[in-house]
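Heads up: the protein sequence lines correspond to chains A and B, in order. Under the UniProt record's numbering, think of the first position of the first sequence as 1, with each following residue one higher. Under the UniProt record's numbering, think of the first position of the second sequence as 1, with each following residue one higher. Where is the CB? At the ideal position from N, CA and C, for every residue including glycine.
2 protein chains.
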Amino acid sequence: MKVTELAKSLGTTADTVRYYTRLELLKPAKSVNGYKSYSNKEVSRLKFILSARNLGFSVADIKQILNESEDGKSACPLVRSLIKERLEETEKQFQAMLALRGKMSSALSQWEEMEDKAPTANMVCHLIENFEQIKKA
Amino acid sequence: MKVTELAKSLGTTADTVRYYTRLELLKPAKSVNGYKSYSNKEVSRLKFILSARNLGFSVADIKQILNESEDGKSACPLVRSLIKERLEETEKQFQAMLALRGKMSSALSQWEEMEDKAPTANMVCHLIENFEQIKKA
DNA sequence: TTAGACCTGTGTCTAAGACACAGGTCAAGC
DNA sequence: GCTTGACCTGTGTCTTAGACACAGGTCTAA
C-alpha cells in the first residue's frame, strides 16, 4: 500500500500519514523504487492512532502508548492517566474559549453602534482601547 | 526603557516584547551598548497590542491594524471585520472543544470501570479501540 | 579591579500537520 | 520502443506566539 492509498482508506491525508511515519509511529517497508510500502499491520496501527487522536491524545502520548504495548505491557493504566491530564487541559482551554467568546461577541455588538474614529497620537483604535466588558451580574 | 522594564510595567514578559519587536510592531531605538531602548510611544503601542491580543486578535491582525492607523486612516472598519472573522473561528473551536470535552469525560468514566488488558497482535488498547460514545438522547 | 548577579540579543524549539517542489512512476498514444 | 502528461513521491520548509538556551555584555559592591 502506498501512502495515499492508506490515507484515503482511513479518511485522512497523505501528509498526516507521512508525519506519523517521520515520527516512526508507522514503520513501512521500502519499495524498490524508494516509495514507502504500508502493510496491513500499519493499517490497523494507523486506525488506532486516528482513534486516539480523536479522543484528544497528543501524538507524543500515542507514541508512549505504542511503545508500552510493543513491550507487551498493558497500556491501559497509562491511557487512563494520560486522558486525565488531557481532559484537565481541555477543560482549561474550554473555559478560556468560553470567556473569550463572550468578550468577543460583547465587543462586536458594542462596536456595531459606535462610530469610526481616526487615530490620534496616543490612540490607535478607540473601539479596542476603550473596550470594557460588562461583567455578568 | 529596557526590554524587561517595559515588559514588567505592562505585566508581560521580555520574550513577548522581543517577539513584537522582531515583527516590527515595536520599533525601539538602539542604545549605544546595542540594547533596545523603548520610548513612551512604544509603551502605549504595547498597551494597545496587549489589549487587542486579549480580545482575540492575532498578531498579524494587529500588524494590519497598526499599519492602517499609521497611514492616518481609521482602523475601525478593519477592526470590526477582523473580529467578526475571529469570533467565527472561536465559535468553531469552542464547539469542537465542547464536543471533545464530552467525549473525553465520557471515556474517562467508562474506563475507570474497565479492566486492563494486555495488547494483542491487532489490538493496542481495548479502552481506546472499543470506545464508542453514548450519544446524547 | 574583580567577582558575581543580572541582563541582553540572537537563534532555536515547540504541535500537528499543510504546502511547495524537484523529480520519479505509470498508463495511453504513437 | 518511445514519449507525453497526469499523478504521485519523499524531503524540506512554513505556520503561531512566544518560551527557552546561551554566549557574552553591564553594573553594582567589595
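- For M104/B, the enclosing alpha helix (DSSP H) has its first and last residue at C76 to W111.
- A straight line joining the alpha-carbon of N40/B with that of A29/B spans about 12 Å.
- Not flagged as an interface residue toward chain A: P28/B, since no C-beta distance is shorter than 9 Å.
- A Cβ-Cβ distance of about 6 Å is found for the pair L26/A and R45/A, placing them in contact under the 8 Å criterion.
- Put simply, of S9/B, S69/B and Q64/B the residue whose alpha carbon is nearest the alpha carbon of H126/A is S69/B.
- DSSP places Y19/A inside the alpha helix (DSSP H), whose first and last residues are A14 to R22.
- With 16 or more other Cβ atoms inside 10 Å of its own Cβ, L82/A counts as buried.
- At a cut-off of 9 Å between beta-carbon atoms, T12/A makes no contact with chain B.
- Assigned with DSSP and collapsed to three states, A29/A falls in strand.
- The residue from V32/B, Y35/B, K84/B and E42/B with its alpha-carbon nearest to that of G56/B is K84/B.
- Minimum Cα-Cα distance from Q64/B among the listed residues P77/A, V3/A and V124/A corresponds to V124/A.
- Beta-bridge partners assigned by DSSP to S44/B: none are found.
- Taken in chain order, the members of the segment 73-100 of chain B whose beta-carbon sits within less than 8 Å of a beta-carbon on chain A are K73, S74, A75, C76, P77, V79, R80, I83, K84, R86, L87, T90, E91, Q93, F94, M97, L98 and L100.
- Setting aside the 5 residues that flank it on each side, A75/A is surrounded in the same chain by I65, E68 and S69, each with a C-beta closer than 7 Å to its C-beta; the list follows chain order.
- For the 9 Å CB-CB criterion, V59/A and S9/A do not form a contact.
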